[in-house]
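Colleague:
Number of protein chains: 2
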Amino acid sequence: MISMENSVEINGEKGVGVVDHYEKGDGTDDGVVLGLDGGATSTVCVCMPFFPISESLSKPLRILARAVAGCSNHNSIGETAARITLEEVMSEALSKSGSKLSAVCAVCLCISGVNHQTDEEKIVRWLRDIFPSHVKLYVHNDAIAALASGTMGKLHGCVLIAGTGCIAYGVGKDGREARASGVGPVLGDWGSGYGIAARALTSVIRAYDGRGPQTMLTNKILKVLGLSSPDEVIGWTYADPSWARIAALVPEVISCAEASDQVANKILDDAVQELALSVKAVVKRLALCGEDGNGYFPLVMVGGVLEANKSWDIGKEVVKCIKELFPGASPISPQVEPAVGAALLARNFFINDSERKHP
Amino acid sequence: MISMENSVEINGEKGVGVVDHYEKGDGTDDGVVLGLDGGATSTVCVCMPFFPISESLSKPLRILARAVAGCSNHNSIGETAARITLEEVMSEALSKSGSKLSAVCAVCLCISGVNHQTDEEKIVRWLRDIFPSHVKLYVHNDAIAALASGTMGKLHGCVLIAGTGCIAYGVGKDGREARASGVGPVLGDWGSGYGIAARALTSVIRAYDGRGPQTMLTNKILKVLGLSSPDEVIGWTYADPSWARIAALVPEVISCAEASDQVANKILDDAVQELALSVKAVVKRLALCGEDGNGYFPLVMVGGVLEANKSWDIGKEVVKCIKELFPGASPISPQVEPAVGAALLARNFFINDSERKHP
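Listed in order, the protein sequences are those of chains A and B.
Quick note on our numbering: the first sequence kicks off at 19 and runs consecutively.
Quick note on our numbering: the second sequence kicks off at 19 and runs consecutively.
See the structure below:
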């Protein structure tokens, strides 16, 4: 897998990218693009100078400004609050960049919770109240920004995201999109961090009440949670419904699997199969692998579950499993942060739209 | 399986029991016992005349009064509210029976959420503020009342409850108790109504996104939920976190399985294995089956999932699966409602305690 090129610090926060310099408030003559990655936890907006198609991406990327805000998922906090967050974080990025609103030529927002065309259209209407009619506006699911963060703005291939939740999202050469998983814990995202950890907790209970084999997970998990008996795992589990709190136990599962615990190994093996299955489903539906099944396609791998980089490497096993069926799958780690991916998409969409109008 | 003996109506509500008459407000000379079954939805308290050990249970049971209140699970509504509910429902049952507080000789409360000795001791202290020191007080988990509702107050055997949730609970001849499952959806009560229905919803999503085979469940569930696309199942699922709302889809799964849908059949087969496994774990830990594994023990079967009584009969399959390992398992349907089971326990505990003191 291609490793991350470098890591840069912008405004005191760690970012990931091939960006090698950050220009504060110097504006730009060719106009700017805004890229935004919005999730249930935080929202990041970057402002990049527009650069024409003649300029290669191999040159270091220039980021003019970066702004961070809270949740912008309208399903999570409601439409009004989401809209305010989006407006404020874009305004801050523009202001920090020293650019005027009139300099903006394209905006690409990639936000979790945007699942239907009706969601996209609603948010485009919000944006149209801010940006004049010549500004190109694009709204997508946040998985698209993750895909672009690996393909450097090219909208083709599949992204697999596995953190607290998991989703596989793909875009075909014909522009068709498809997704698999990304449906939360009740509906069986078993390859997610939450899914892995919930099964580990379940294994502790099953060993305790006699339904399952003994496992190292019991002592490991009781210790890290500060509990004295598996009984108490029940109370701990339901005391707080946060999915991320449960998903945080993934490192304990990996650690037990590395120590040859069979139960932990089975949980990780199953998660690998589940994650690979999500990608395979998307690749098949979009025929990303070409007619013979051996065609090349980029596979962007994102999220804590895939980046564990331990001797039990979930990401590596998932790739192995996918390559057995689709040898042309080409795994890529994110090259830039998702918001920069969104900005690159804004730039590319803008160029494509212009070419279509003035070929 | 022994069927329910008859069904009686008390205070306009349907009950289940061998009770054949209900005496209102006539009091009793020998004293009374109170039996209470408390859950997350409702709490039922019955007042029964005490009858000595010389009187056989084969005579019709006499119930003096029955009172119903809301939730009394202290984990669910808090200690203060639970305590008030318990006090009020016992007071109402006593008052309806025409008995005085001084007539009470024993009280048995079986309440969900009572999992540790500390819970039992706390509730006994609440009761001690009401009842004088000669009154015998017993507090247990509500599964014990369900067991007693099948064994008519004998505290021996195993009960399997499978409704929205599921639990197996057993008591050995030596008085030892053991449970399996009963840990909610996050920790894998996969044989419960919730577990069955959540897997059915998951199968609809997996068929839709290409991860799983097509299934009749898709049309069946979309129709009953009034949805037009499997996409919309995600929104429906997370719109309301109630477990019972999801569990209500079990009949659709049974209906598809009866129509030979392979996915639905696999879900029910797995649920049967899970439920049987819970019972087997309890039976093994308590050696309910004797030393040779063939000994008789009562197996009380309770809850909507086991009582479906369709051509695909989950309860029947569970029993078959248990009997393969433990041929002495003797399935029983509840003979009385759980609160009456609790009252019979109160009577039996009282007699046993008296015998121990005055042998």
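We put the CB at the ideal spot given by N, CA and C, even for glycine.
1. Between the segment 180 to 188 of chain A and the segment 287 to 299 of chain A, are three or more C-beta pairs nearer than 8 Å?
2. Cutting at 7 Å between CB atoms, please list the residues of its own chain near Tyr-314(A), excluding the five before and the five after it.
3. Can you list, in chain order, the residues of its chain with a C-beta nearer than 6 Å to that of Asn-24(A)? Leave out the 5 residues immediately preceding and following it.
4. Would you call Val-251(B) buried or exposed, if buried means 16 or more other Cβ atoms sit within 10 Å of its Cβ?
5. Closer than 8 Å by beta-carbon distance: list the chain B residues that pair up with Lys-284(A), in chain order.
6. Taking only the alpha-carbon atoms, compute the straight-line gap between Ala-198(A) and Pro-203(B) and give it to the nearest angstrom.
7. Should Asn-366(B) be flagged as near chain A, meaning a C-beta pair shorter than 8 Å?
8. Which residues, in chain order, does the segment 194 to 216 of chain A contribute to contact with chain B at a C-beta distance below 8 Å?
9. Among Asn-283(B), Gly-333(B), Gly-321(B), Phe-344(B), which one has its Cα closest to the Cα of Leu-304(B)?
10. Which chain B residues are close to Arg-303(A), counting only those with a beta carbon under 9 Å from its beta carbon?
11. Would a C-beta distance cut-off of 8 Å place Met-234(A) and Ala-277(A) closer than the cut-off?
12. With burial defined as no fewer than 16 other Cβ atoms inside 10 Å of the residue's Cβ, what is the status of Lys-375(A): buried or exposed?
13. Along chain B, which residues have their Cβ under 8 Å away from the Cβ of Ile-95(A)?
14. So which residues on chain B does Ser-296(A) lean against when the C-beta distance must stay under 7 Å?
15. Alpha carbon to alpha carbon, how far is Cys-126(B) from Ile-162(B)? Give it in angstroms, no decimals.
16. Please compile the residues from chain B whose C-beta is within a distance smaller than 8 Å of the C-beta of Leu-219(A).
17. Within the same chain, show all residues whose beta-carbon is closer than 7 Å to that of Trp-330(B), passing over the 5 residues directly before and after it, in chain order.
18. So which residues on chain A does Tyr-256(B) lean against when the C-beta distance must stay under 8 Å?
19. Can you look up Asp-192(A) in the DSSP assignment and give me helix, strand or coil?
20. For Phe-315(A), is the beta carbon positioned less than 7 Å from some heavy atom of the ligand GDP?
21. For Lys-154(A), which of helix, strand or coil comes out of DSSP?
22. What whole-angstrom Cβ distance do Ala-124(A) and Ala-364(A) have, given they're in contact under 8 Å?
23. Can the beta-carbon of Val-128(A) be found less than 8 Å from the beta-carbon of Leu-54(A)?
24. Expressed to the nearest angstrom, what Euclidean distance is found between the alpha-carbon atoms of Val-153(A) and Phe-69(A)?
25. Would you list the residues sitting across from Cys-63(B) in a DSSP beta bridge?
26. So if DSSP puts Arg-197(B) in a beta bridge, which residue, or which two residues, is it bridged to?
27. At least one CB of chain B closer than 8 Å to the CB of Ile-239(A): is that the case?
28. Give the straight-line distance between the Cα atoms of Lys-338(B) and Met-66(B), rounded to the nearest whole angstrom.
29. Output the distance between the C-alpha atoms of Leu-293(B) and Met-108(B), rounded to the nearest integer angstrom.
30. For Ala-87(B) and Gly-131(B), I'd like the C-alpha separation in whole angstroms.
31. Hey, would you say Val-157(A) sits closer than 8 Å to Glu-138(A), going by beta carbons?
32. Whose C-alpha, out of Lys-302(B), Ala-262(B), Ile-223(B), is nearest the C-alpha of Ser-247(B)?
33. Identify, in the order they occur along the chain, each residue of the same chain with its Cβ nearer than 8 Å to the Cβ of Thr-103(B), setting aside the five sequence neighbours on each side.
34. What residue range is occupied by the uninterrupted alpha helix (DSSP H) comprising Met-108(A)?
35. Measuring CA to CA, which of Ile-239(B), Tyr-256(B), Leu-245(B), Asn-283(B) is closest to Ala-266(B)?
36. At which residues does the beta strand (DSSP E) containing Val-122(B) begin and terminate?
Modeller: Well, looking at it:
1. yes
2. Residue mapping note: residue 314(A) aligns to position 296 of the first sequence, counting from 1. Counting only Cβ-Cβ distances below 7 Å, and skipping sequence neighbours, we find Gly-346, Ser-348.
3. Here residue 24(A) corresponds to residue number 6 of the first sequence, with the count starting at 1. Confidence at Asn-24(A) is low in this model, with a pLDDT of 34, below 50, so its placement is unreliable and the value that follows should be read with caution. Hits under 6 Å: none found.
4. What you label residue 251(B) is simply residue 233 of the second sequence in a count that begins at 1. When all chains shown are included, Val-251(B) counts as buried.
5. Stepping through the first sequence from its first residue, residue 284(A) is reached at position 266. Here the premise fails: no neighbours, minimum Cβ distance about 14 Å.
6. On the first sequence, residue 198(A) is found 180 positions in, with the first residue counted as 1. On the second sequence, residue 203(B) is found 185 positions in, with the first residue counted as 1. If you take the alpha carbons of Ala-198(A) and Pro-203(B), they lie about 23 Å apart.
7. Taking the first residue of the second sequence as 1, we reach residue 366(B) at position 348. No, Asn-366(B) does not count as interfacial toward chain A.
8. Ala-196, Arg-197, Ala-198, Ser-199, Val-201, Gly-202, Pro-203, Val-204, Leu-205, Gly-206, Ala-216
9. Position 286 of the second sequence holds residue 304(B). Measuring from the Cα of Leu-304(B), the nearest candidate turns out to be Phe-344(B).
10. Here the question's residue 303(A) lines up with position 285 in the first sequence. Going along chain B in sequence order, the residues near Arg-303(A) (Cβ under 9 Å) are Asp-227, Gly-228.
11. What you label residue 234(A) is simply residue 216 of the first sequence in a count that begins at 1. What you label residue 277(A) is simply residue 259 of the first sequence in a count that begins at 1. Contact flag set, yes.
12. As a working mapping, residue 375(A) is identified with position 357 in the first sequence. Looking at its Cβ environment, which holds fewer than 16 other Cβ atoms inside 10 Å, Lys-375(A) is exposed.
13. Translated into positions along the first sequence, residue 95(A) becomes position 77. Result: empty, since nearest Cβ-Cβ is about 15 Å, beyond 8 Å.
14. In the first sequence, counting from the first residue as 1, residue 296(A) sits at position 278. Near Ser-296(A) (Cβ distances below 7 Å), the residues of chain B are Arg-229.
15. To locate residue 162(B), count along the second sequence from 1; it is residue 144. To locate residue 126(B), count along the second sequence from 1; it is residue 108. Cα to Cα, Ile-162(B) sits roughly 10 Å from Cys-126(B).
16. Residue 219(A) sits at position 201 when you count from the first residue of the first sequence. Neighbours of Leu-219(A) on chain B, chain order: Val-204, Leu-205.
17. In the second sequence, the residue the question calls residue 330(B) occupies position 312. Around Trp-330(B): Ile-272, Ala-275, Glu-276, Leu-286.
18. Taking the first residue of the second sequence as 1, we reach residue 256(B) at position 238. Going along chain A in sequence order, the residues near Tyr-256(B) (Cβ under 8 Å) are Gly-202, Val-204.
19. Looking up residue 192(A) in the first sequence gives position 174. If DSSP states are grouped into helix, strand and coil, Asp-192(A) belongs with coil.
20. What this structure holds is no ligand at all, so the ligand GDP is not there to describe.
21. Counting from one through the first sequence, the residue named residue 154(A) turns up at place 136. The answer is strand: DSSP assigns Lys-154(A) an E or B state.
22. On the first sequence, residue 124(A) is found 106 positions in, with the first residue counted as 1. On the first sequence, residue 364(A) is found 346 positions in, with the first residue counted as 1. Indeed, because the Cβ distance is near 4 Å, the residues count as touching under 8 Å.
23. Sequence index remark: in the first sequence, residue 128(A) carries index 110 (1-based). Sequence index remark: in the first sequence, residue 54(A) carries index 36 (1-based). The sequence shown places Cys at residue 128(A), not Val. Yes, Cβ-Cβ distance for Cys-128(A) and Leu-54(A) is below 8 Å.
24. The sequence position of residue 153(A) within the first sequence is 135, counting from 1. The sequence position of residue 69(A) within the first sequence is 51, counting from 1. Computed Cα separation, rounded: 16 Å.
25. The residue given as residue 63(B) occupies position 45 in the second sequence. Paired residue(s): Leu-54(B), Ala-85(B).
26. For the purposes of this step, residue 197(B) is identified with residue 179 of the second sequence, where counting begins at 1. Paired residues: Tyr-187(B).
27. Here residue 239(A) is taken as the residue at index 221 of the first sequence, counted from 1. Chain B contact via Cβ: absent.
28. Within the second sequence, numbered from 1, the residue matching residue 338(B) stands at position 320. Within the second sequence, numbered from 1, the residue matching residue 66(B) stands at position 48. Going from the Cα of Lys-338(B) to the Cα of Met-66(B) covers about 36 Å.
29. Taking the second sequence and counting its residues from 1, the one referred to as residue 293(B) is at position 275. Taking the second sequence and counting its residues from 1, the one referred to as residue 108(B) is at position 90. Approximately 34 Å, taken between the alpha carbons.
30. One-based indexing of the second sequence puts residue 87(B) at position 69. One-based indexing of the second sequence puts residue 131(B) at position 113. Spanning the two alpha carbons is a distance of roughly 17 Å.
31. Taking the first residue of the first sequence as position 1, residue 157(A) is located at position 139. Taking the first residue of the first sequence as position 1, residue 138(A) is located at position 120. Yes. Within cutoff.
32. Translated into the one-based positions of the second sequence, residue 247(B) becomes position 229. Of the listed residues, the one whose Cα sits closest to Ser-247(B) is Ile-223(B).
33. In the second sequence, residue 103(B) corresponds to position 85, counting from 1. The residues are Gly-56, Thr-61, Ala-87, Gly-88, Cys-89, Ser-90, Ile-95.
34. The residue you call residue 108(A) lines up with position 90 of the first sequence. Unbroken alpha helix (DSSP H) run through Met-108(A): 97 to 115.
35. In the second sequence, counting from the first residue as 1, residue 266(B) sits at position 248. Of the candidates Ile-239(B), Tyr-256(B), Leu-245(B), Asn-283(B), the one whose C-alpha sits nearest the C-alpha of Ala-266(B) is Ile-239(B).
36. Along the second sequence, read from residue 1 onward, the residue named residue 122(B) stands at position 104. From DSSP, the beta strand (DSSP E) with Val-122(B) extends over 122 to 129.
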